[in-house]
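Here is the structure we will look at.
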Amino acid sequence: MSVKENIPDQRIRAMQSNDVSAVYSVQQACYVPQMVESADLILQRWQHVADTSWVAEDMSGVGAYLVAYRSQRNKISALGEAFVHTVPADVLYLHDMAVHPRWRGGGVAARLLDHAHQYARANRLTGLALVSVQDTLAFWQKLGFVPQIPDDSQQRLLSTYAGAAHYCIAPVQDTSD
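Structure (structure tokens):
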């Protein structure tokens, strides 16, 4: 039975410390080697932003995840950089969302993004921000994200990512329907 046939069995929940190895495996399946961040860094980040870290799982385990943190508009995080929630914050920065290739096409990315919108709205944030990598800009634009032109200091941070990287922002949407 394919993952797509198991969509009703998929659930999204808060990431736990024991999910780090599965998250790392999903990351390895999704990114070029230069973009894979260590399991230790994933754990360190989770310890600071557990309330904005989610995984999607089914009976076979974790197949997708989203790690985000409260931040400020036009503040880009470099690849491999530790992060914590920013106070005050006006956006939820989606640092990393990955869906294992076996899970793609089943809508789990949209469901994870819905969780981000719900969190942002509940915390009175005005937008979601991210860095689009690995030719995903069209995907993010379909979801309402608009590329921004960062200032020079922030543009340098984009160069820490392999290949073309685009800083994008989307308004928070009401996904409660």
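Under UniProt numbering, think of the first position of the sequence shown as 1, with each following residue one higher.
In this text, a Cβ means the ideal position worked out from N, Cα and C, and glycines have one as well.
On a predicted model such as this, the values are computed, not experimentally measured, just so you know.
query: Identified DSSP bridge partners for Leu-92; result: Arg-70 and Leu-128
query: Counted within 10 angstroms of its Cβ, other Cβ atoms place Met-59 as buried (16 or more) or exposed; result: exposed
query: Buried/exposed call for Ser-53, threshold 16 Cβ in 10 Å; result: buried
query: Collapsed DSSP secondary structure at Met-97 in the structure displayed; result: strand
query: Inter-residue Cα distance where the pair is Gln-44 and Ala-82; result: 7 Å
query: Coil, strand or helix - Arg-13 by DSSP; result: strand
query: Val-62 - DSSP class collapsed to helix/strand/coil; result: strand
query: Within 8 Å, strictly: CB atoms of Arg-70 and Leu-113; result: no
query: Neighbour flag for Leu-143 against chain C, beta carbons, 8 Å; result: The chain labelled as chain C is not found in the depicted structure, where only one protein chain is given.
query: For Gly-105 and His-48, the rounded distance between their alpha carbons; result: 31 Å
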